[in-house]
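Structure, as structure tokens:
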Amino acid sequence: MRLPKFDYRRPERIQEACAILLDQPCAKLMAGGTDLLVNMKHRAETPSTIVSLKALPDLDFVQKTNSALRIGALTPLKKVYNDPFVAAKLPALAIAASSVGSYHHQTMGTIGGNLCQQTRCKYFNQSKWWRSSRPLCFKAGGELCHVAKREGVCYSTYCGDVAPALLAFGAEVILTGAHGLRQVPLEEIFSGDGKTPLKIGRGEILTEIVIPNQAADGFSTYGKSANRGSIDFPIVGAAVWRSSSTGESRIALTAVDRKPVRARRLEDFLEGKQLNEETFQAVDGLVAKESRLMPSSIDSLSYKRKLMGLLVQSALSEARGGE
Amino acid sequence: MEKQFSVVGRRLPMLDAAAKVNGSAQFTDDLMLPGMLHGKILRSRLPHAKILNVDVSKAARLRGVKGVVTGAEIPDRQYGIVPKARDEYALAKGKVRYIGDEIAAVCAIDQEIAEEAVELIEVDYEELPSVFDPLDAIKEGAPIIHEGVANNTSFAIRKEFGDVEGAFAASHLVSEDSFYSQPVNHAPLEPHSAVAQHDPIRGQVVLWSSTQIPFFLRRNLAATLQIPESRVRVIKPKVGGGFGQKIDMFAKDFCAAWFAMKLGKPVKFTYERDEVFIGTRQRHPMYLKVKTGMTKDGKILGQQFLAYADGGAYNSTAPTMMALSCFFLMVPYHVPNLLYEGYHVYTNKPVGGAMRGHGIPQARFAVERQLDMMAERLNLDPAEIRWKNSIKAGEPHPGGFVINTCGFAESVRAAAKAIGWKEKRGKLPFGRGVGLGGASFPSGVTNMSHISSGAVVQVGQDASVNVLTGAADIGQGAETVIAQIVAEVLGVSLDDVRVTAADTGATPLDPGTFGSGVTVRAGNAARIAAESVKKRLFECVADELEANPEDLVAKDGVIFVTGSPEINIPFAKALKAYQYKDLPMPLVGRASWMADTSEPTTLFNQPGNFSPSYSFMTQAAEVEVDTKTGKVKVIKMATAHDCGRPINPMLVEGQLEGSIAGGMGQALYENVITEKGQVMNPSFLDYGFPTTLEVPEMESIDIETDDPVGPFGAKEAGEGTQLSPAPAIVNAIYDAIGVHFNELPVTPERILKALEERK
Chain A
1 MRLPKFDYRR PERIQEACAI LLDQPCAKLM AGGTDLLVNM KHRAETPSTI VSLKALPDLD
61 FVQKTNSALR IGALTPLKKV YNDPFVAAKL PALAIAASSV GSYHHQTMGT IGGNLCQQTR
121 CKYFNQSKWW RSSRPLCFKA GGELCHVAKR EGVCYSTYCG DVAPALLAFG AEVILTGAHG
181 LRQVPLEEIF SGDGKTPLKI GRGEILTEIV IPNQAADGFS TYGKSANRGS IDFPIVGAAV
241 WRSSSTGESR IALTAVDRKP VRARRLEDFL EGKQLNEETF QAVDGLVAKE SRLMPSSIDS
301 LSYKRKLMGL LVQSALSEAR GGE
Chain B
1001 MEKQFSVVGR RLPMLDAAAK VNGSAQFTDD LMLPGMLHGK ILRSRLPHAK ILNVDVSKAA
1061 RLRGVKGVVT GAEIPDRQYG IVPKARDEYA LAKGKVRYIG DEIAAVCAID QEIAEEAVEL
1121 IEVDYEELPS VFDPLDAIKE GAPIIHEGVA NNTSFAIRKE FGDVEGAFAA SHLVSEDSFY
1181 SQPVNHAPLE PHSAVAQHDP IRGQVVLWSS TQIPFFLRRN LAATLQIPES RVRVIKPKVG
1241 GGFGQKIDMF AKDFCAAWFA MKLGKPVKFT YERDEVFIGT RQRHPMYLKV KTGMTKDGKI
1301 LGQQFLAYAD GGAYNSTAPT MMALSCFFLM VPYHVPNLLY EGYHVYTNKP VGGAMRGHGI
1361 PQARFAVERQ LDMMAERLNL DPAEIRWKNS IKAGEPHPGG FVINTCGFAE SVRAAAKAIG
1421 WKEKRGKLPF GRGVGLGGAS FPSGVTNMSH ISSGAVVQVG QDASVNVLTG AADIGQGAET
1481 VIAQIVAEVL GVSLDDVRVT AADTGATPLD PGTFGSGVTV RAGNAARIAA ESVKKRLFEC
1541 VADELEANPE DLVAKDGVIF VTGSPEINIP FAKALKAYQY KDLPMPLVGR ASWMADTSEP
1601 TTLFNQPGNF SPSYSFMTQA AEVEVDTKTG KVKVIKMATA HDCGRPINPM LVEGQLEGSI
1661 AGGMGQALYE NVITEKGQVM NPSFLDYGFP TTLEVPEMES IDIETDDPVG PFGAKEAGEG
1721 TQLSPAPAIV NAIYDAIGVH FNELPVTPER ILKALEERK
């Protein structure tokens, strides 16, 4: 399969990149390209212009400041998990980044690109010819969602590994636009709409991830269930962070809904409680309520549901071991 | 003791190993010819439909498009690998029968334009009702997929040996169980590709193709193009795996040749990965019902089978696949009474074809599972039940097989020992277990004269050895094995031998790589050709060495008198002597070889000795089941294998190790999932076969027999090993968690469900 025709831009300044986005609504950003190019070969995404971010200066860094760990959006995943501070103090992020795809994806793929990846669906991530057996789906520009069997909705699933780890850390992101930048909680960039999963303003670019220092003061892990030991997207992924000082817990899951989800009901339930068999009893039920599982992949829903509880429980019991 | 052989039996790297490692090996898609055009095929988007009209005008008008062809324009000549089962056109005529069926092809100056053009072809369909399950397709009133094929049953076989009813009556235990084996794709790393070039002056079309069967491909291509075979030359470049998927002709072969002939320019077609999954071949899904009668001490008295194979839209190898599935139930166990009833049924789904084991893996899974279930009911050891029922060399075989050598019983003991059977079976903690599976496979086919191989061995003036063989090396190392055989006969080193292979314009006839026959068939042809060279060389130097030619030995680069190695002449000098005597050069030996048989048979009608020899093996697995997630980890697999005398033990190990990954896929990971005939996981990502990270510790044990037919006593080592890993793994899962799984694949989800139901 070959790529469709497109214009290629390689701006050297961020404002220039933002200006292209404002000027051309059908332009798409490309960092490592591991997600976008496959979708383009499938004609699932056909941007008129690709704006490569690779020439932008100073977005490939992991930097410790007094208040936070700052990671440039163009930092390759491999560099993220090899960073000594990440590896020692933010294990959930190290585990998540090193569990993405294969080694090649980790070398080419960036942390910003991983966060902003497209949602996935068995009816969408297929060649154009394959998709011609059915009416064009809503996400690809048609009307019908083959997952929900309804018009005007999209139940493709967010499958990124890194997002749940960062959500559990309470990370924020910096969005840079033509007229400046703003810092927002990571959670706010996910729309929960399968068709347009990102809620980033027109002309804005995610340039930096900010992980508060507090994140390093606690236990964290990321559990991923996948078909094989390498290559695969998660069937379910779950990140857990538990503060050493306050006992506060933050839990996030991926591959269970149209966006990565925080398990707030469970977090609230765990507030002030000991981690023990009794509290674990509640995990399955509370976690299940956080997502709207839909059959967008070849994995069965009941198995996914089981894994959600299992991964969170297993992470929590690991957290208990550290307390 | 002096070692018997110098080159045969040694662990030598494949001749093309370095080229494959450094990337210089040329596969079909690597070939670039000046002015080459690129083709693309339009495939059906519907599972079953009449083609009312195909409008190619827009595609033909697109700038850069050089040609378009539809099914209506090609000769009315169906093809298929089995003559009696031909039912396929390179491009569909009038009707499409599955999502992926080929309708038309375009050819353009680059790939992008070809892809764009194919989308501009407009097809008017009249959709027909579809059927996706063979058990529905055989019902009265089911949609008819091929005109004139009643109940969609394109091949039926019923064979009875002995008296099955009598055997059941005499049995202490009769068990009847149902099994299902899923569709599995071969998933060769190299996608299918073809490049064609036409020489209008000589009137010859040359096709480079990723094929296992250059000579059969030549025949099918000539027949469908309606030109003489002599006008077609097929050349096989390096092939990146076939596993049976590349033994058919495909639309890419026909269309490349068609356009090359029409347009006078070279043309390339390479399939996308989803085309490989959807539009080539897969292992037949099969429903099996098995009834077995045993004595109290576990002796098999009789077996009855009912098999429904889901053939998908076309036949491919259907009759052979069903016949093998039947006859190979009577090895490696002695089954004195057998009744087999099997049906190959069309459905509107991807096409079933030969896949490593060819109809036998499905049947073997059912038998090996049921043996364990019956052993339990009789309170017998599953290992014991296997060696007790082992067929023996020289024993009369109900189906007419002649078993010259058989290391099966020994293989059961050796594999059991290697996995720690005695200490582990039934004794490991919950979640861990061990299991066994046995198997046997033919070393090629005896039945027809067109299943013969030729070879030419030529010694040049510099004493270098050149071998011409038609054998198709598809990555398994056929060329290396043949070179080792020739080197051993002539007493030269492997480095001195060069092989030219698999070119119908230059090398002698060979049926190709299927039925696990290459080493025995092409190896014997090469051996005899080399022996004829040796004979003449011995006659030439006998005087000089003051010995009879019959008393000479060629070994390690010298020719010497047997018992007196100090009386010798180096091979190169012997060749000089040959030239000084003014004997005609080059020194050439030729041979044609086919397996000797008194009663040729295809097994369709009459029984008989299907193969010159039969391999035997037992595979043992140890697994660990994560009872929380349902995931199975294969910890170790041990294989005890009787492939006669291995020509190259390292290559045999390569086959064994590959079969373990394949068996793990069949048992645990792989399944071509369809939704209304559409393949839902046509990618390496979603299909999810095991990777090196999943592959366990592997031990291989050689049960050496010295086969009288094979070259240097060798038997097959290619396909047989694929039969037993999956049942061994599933039997080990039973030992681990006490659940019988009789349907494949055993996914984590199914394991969790079964564990819950057990509670």
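Protein sequences appear in the order of chains A and B.
Going by our numbering, the first residue of the first sequence is number 1, and it counts up by one from there.
Going by our numbering, the first residue of the second sequence is number 1001, and it counts up by one from there.
No residue lacks a Cβ here, since even glycine has one placed at the ideal position from N, Cα and C.
Of all Cβ atoms in chain B, is any one closer than 8 angstroms to the Cβ of residue i?
| i | result |
| --- | --- |
| A/Tyr303 | yes |
| A/Lys122 | yes |
| A/Ser127 | yes |
Check whether chain A comes within 8 angstroms of residue i, counting only Cβ atoms and requiring the distance to be less than that.
| i | result |
| --- | --- |
| B/Ile1751 | no |
| B/Met1001 | Interpretation of B/Met1001 is limited by its pLDDT of 38, a score under 50 that renders its predicted location unreliable; no figure is taken from the coordinates. |
| B/Asp1626 | no |
| B/Glu1102 | no |
| B/Ser1285 | A small fix is needed here, since residue 1285 of chain B is Pro in this sequence, not Ser. Chain A contact via Cβ: absent. |
| B/Arg1281 | no |
| B/Val1746 | no |
| B/Arg1045 | yes |
Which residues in chain A sit within 8 angstroms of residue i, going by Cβ to Cβ distance?
| i | result |
| --- | --- |
| B/Glu1694 | Arg228 and Gly229 |
| B/Tyr1669 | Asn227 and Arg228 |
| B/Thr1629 | Ser225, Leu307 and Leu310 |
Can you pull the chain B residues whose beta carbon is under 8 angstroms from the beta carbon of residue i, in chain order?
| i | result |
| --- | --- |
| A/Ile298 | Ile1673, Met1680, Asn1681 and Asp1686 |
| A/Met1 | Glu1115 and Glu1272 |
| A/Asp326 | Past the edges of chain A, shown from 1 to 323, lies residue 326 of chain A, and the structure says nothing about it. |
From the DSSP output, in three-state form, read off residue i for me.
| i | result |
| --- | --- |
| A/Cys137 | strand |
| B/Gln1619 | strand |
| A/Arg258 | coil |
| B/Gly1312 | strand |
| B/Ala1187 | coil |
| B/Ile1081 | coil |
| B/Glu1127 | strand |
| B/Thr1295 | coil |
Ignore the nearest five residues each way along the sequence and tell me which others in residue i's own chain have a CB closer than 6 angstroms to its CB.
| i | result |
| --- | --- |
| B/Met1001 | With a pLDDT of 38 at B/Met1001, under the threshold of 50, the modelled position of that residue is not reliable, and no figure is offered here. |
| B/Gln1304 | Val1164, Lys1291 and Leu1339 |
| B/Ala1060 | Val1068 |
| B/Val1553 | Phe1560 and Thr1562 |
| A/Leu93 | Val86 and Ala165 |
| B/Ala1638 | Ala1415, Ala1418, Ile1419, Ala1620 and Glu1699 |
Drop a sphere of 10 angstroms on the beta-carbon of residue i, count the other beta-carbons inside from all chains shown, and report buried for 16 or more, exposed for fewer.
| i | result |
| --- | --- |
| B/Phe1168 | buried |
| B/Ile1419 | buried |
| B/Phe1430 | exposed |
| A/Gln117 | buried |
| A/Ser99 | buried |
| A/Cys121 | buried |
| B/Lys1422 | exposed |
| B/Met1374 | buried |
| A/Ile205 | buried |
| A/Leu74 | buried |
| B/Val1021 | exposed |
| A/Arg131 | buried |
Note down, in chain order, every chain A residue with its Cβ under 9 angstroms from the Cβ of residue i.
| i | result |
| --- | --- |
| B/Pro1725 | Chain A residues near B/Pro1725: none, gap ~17 angstroms exceeds 9 angstroms. |
| B/Ile1099 | Trp130 and Ser133 |
Output needed for residue i: all residues of its chain with C-beta closer than 7 angstroms, excluding positions within five of it in sequence on either side, in chain order.
| i | result |
| --- | --- |
| B/Asp1101 | Arg1043, Ser1044, Ala1092 and Ala1313 |
| B/Pro1607 | Gly1399, Gly1400 and Thr1601 |
| B/Gly1475 | Val1239, Gly1240 and Gly1241 |
| A/Ala215 | Leu90, Phe169, Gly170 and Trp241 |
What residues from chain A crowd round residue i, counting only those whose CB sits closer than 7 angstroms?
| i | result |
| --- | --- |
| B/Pro1690 | Arg228 |
| B/Glu1112 | Arg2 |
So, at 8 angstroms on beta carbons, what are the nonlocal neighbours of residue i in its own chain, with the 5 sequence-adjacent residues on each side left out?
| i | result |
| --- | --- |
| B/Ile1647 | Val1008, Gly1009, Val1481, Gln1484, Ile1485, Thr1519, Gly1523, Pro1711, Phe1712 and Ala1714 |
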